[in-house]
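Down below is the structure, laid out as structure tokens.
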Amino acid sequence: MHHLIDHWIRPELRALSAYQVADARGLIKLDAMENPYGWPEGMKQEWAALLSQVAINRYPDPQATQLQGPLRAAMGIADDMGLLLGNGSDEIIQMLCLALAGPGRTLLSVEPGFVMYRLIASFCGLRYCGVPLNPEDFSLDLPTLLQTLEQEQPALVFLAYPNNPTGNLFDEQALLAIIQAAPGLVVIDEAYAPFTDASFMARLGQFDNLLVMRTLSKMGLAGLRLGLLAGPRSWLEQLDKVRMPYNINSLTQASAAFALRHIQVLQQQTQQIRRDRALLQGQLQTLPGLTPYASEANFILLRLPEGRASAVFAAMKQQGVLVKNLHGAHPSLRDCLRLTIGTPEENQACLRALQTALSIRVP
Ligand SMILES: *Cc1c(COP(=O)(O)O)cnc(C)c1O
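Residue numbering for the sequence shown follows my numbering, starting at 2 and increasing by one per position.
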């Protein structure tokens with residue numbers, strides 16, 4: 002069987018390892034940028050009653066009509082811009098790659114960045130080019146980026162704003178220079194929009210090649226799988242051709258429309274997370290030997306004393322707290338962990354586990 006697999010599975014796919022999701026059973030889950038809060042009991046009951054009315058025997062509305070208006074309102078998308086929905090923004094990245102892939106075509110992003118850009122590019126047969134961020138503060142290396150844009154002529158550029166896993170916002174003027182210099186599409190990925198005031202949404206239409214991507218995942222609806230792409234209609238009409246007709250299922254459509262009617266509940270939660278981010282940031286700063294990086298997202302990138310990350314990660318897990326170990330993911334993430342902001346209680350448990358782990362000297 003193996004010779005068949007080696008013969009038929011594309012070499013670039015065989016070379017990849019599957020996206021790993023850690024087993025979080027029984028642990029405080031601070032590894033995946035989820036909102037830790039649920040919904041008030043009354044809201045849950047109203048939601049359940051609504052879902053019981055969904056015609057599950059029918060195919061979903063292919064245009065998700067009931068979602069369009071509420072999403073535009075919630076995300077500040079102008080009426081003259083188009084809107085494309087995906088089964089999570091991961092599916093939108095896939096649609097973009099499918100539509101733009103071809104011999105000699107390249108996707109460009111920055112490193113360290115969101116790993117799905119590179120993975121999905123490989124799935125779709127796009128060459129991937131990752132330009133290193135400045136290692137000291139994870140800012141854009143604009144001269145190198147402009148030179149690489151010129152050399153590589155990428156079909157597609159992805160930039161997360163704020164960036165994952167570093168948490169910072171890139172310089173706005175640098176991003177504008179990239180949008181203007183890029184020969185192809187530039188997608189600003191605003192997955193962490195609920196945790197920052199910065200956005201490129203209002204700039205849609207100012208450039209022929211700018212699209213903005215958002216998701217409901219990080220604001221508290223990760224289980225629904227709903228992402229969106231906004232931008233000039235003429236682009237989105239083309240991209241819509243590679244979308245599976247029923248990609249947003251009926252339960253997601255009904256649930257997201259319901260959640261958006263109660264958006265103040267989600268906004269209160271994300272505001273709480275922003276306040277708790279500042280609190281945790283301050284507490285981490287007081288611990289000797291730690292470098293917490295400033296964050297505009299719902300996580301904090303933390304650098305530990307040299308050589309400690311993997312042991313500290315394991316010791317925290319032993320104490321029931323799951324974070325993300327980034328040591329080894331990229332040279333500039335050496336000794337780094339990424340902590341998702343949880344509830345105040347979870348953040349304190351995380352801090353305690355971290356302190357305990359750090360005081361256990363490993364030989
Ligand atoms: C989490 C994340 C996404 C993925 O969002 P989904 O909508 O859940 O697929 C996209 N971009 C970045 C930068 C992320 O961190």
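From the three backbone atoms N, C-alpha and C, an ideal C-beta is built for every residue, glycine too.
Note down, in chain order, each residue of its chain lying with its Cβ closer than 7 Å to the Cβ of Pro364, except the 5 sequence neighbours on either side.
Because the pLDDT of Pro364 is 48, which lies under 50, any placement of that residue in the model is unreliable, and the question is left without a value.
Between Ser218 and ligand 1, is there a pair consisting of the residue's CB and a ligand heavy atom that are separated by less than 7 Å?
yes
Who are the Cβ neighbours of Leu28 in its own chain at under 6 Å, not counting the five residues just before and after it?
Excluding positions up to five away in sequence, the list reads Gly321, Leu323.
Quick check on the burial criterion: 16 or more other C-beta atoms within 10 angstroms. Buried or exposed for Pro63?
exposed
DSSP state of Phe124, grouped into three classes?
Looking at Phe124 - three-state DSSP - the assignment turns out to be helix.
Who are Phe139's beta bridge partners in DSSP?
None, per the DSSP bridge assignment.
Identify, in the order they occur along the chain, each residue of the same chain with its Cβ nearer than 6 Å to the Cβ of Pro184, setting aside the five sequence neighbours on each side.
The beta carbon of Pro184 lies closer than 6 Å to those of Gln154 in the same chain, with the five residues before and after it left out.
Give the C-beta separation of Gly89 and Gly228 to the nearest angstrom, bearing in mind that I take them to be a contact with Cβ-Cβ under 8 Å.
5 Å
Ala315 to Arg244, Cα distance in whole Å?
41 Å
Please say whether Ile180 and Phe139 have beta carbons closer to each other than 8 Å?
no
Could you tell me how far apart the beta carbons of Ala310 and Asn326 are, in whole angstroms, since I believe they sit closer than 8 Å?
6 Å
Whole-angstrom Cβ separation of Tyr162 and Leu150, contact assumed at under 8 Å?
At roughly 17 Å, the Cβ-Cβ gap does not stay under 8 Å, so Tyr162 and Leu150 are not in contact.
Alpha carbon to alpha carbon, how far is Leu267 from Ala100? Give it in angstroms, no decimals.
33 Å
Please go through the same chain and pick out, in chain order, the residues whose beta-carbon is closer than 6 Å to the beta-carbon of Arg304, but skip the five residues on each side of it.
The beta carbon of Arg304 sits closer than 6 Å to those of Thr292, Asp336, Cys337, all from its chain and outside the five residues before and after it, given in chain order.
Would you call Leu334 buried or exposed, if buried means 16 or more other Cβ atoms sit within 10 Å of its Cβ?
That one is buried.
Anyone know if the C-beta pair for Leu127 and Cys98 falls short of 8 Å?
In this structure, Leu127 places its C-beta atom within 8 Å of the C-beta atom of Cys98.
Which value, in whole angstroms, describes the spacing of the CA atoms of Ala257 and Pro61?
14 Å
Which residues does DSSP pair with Leu157 in a beta bridge?
Leu108, Leu186
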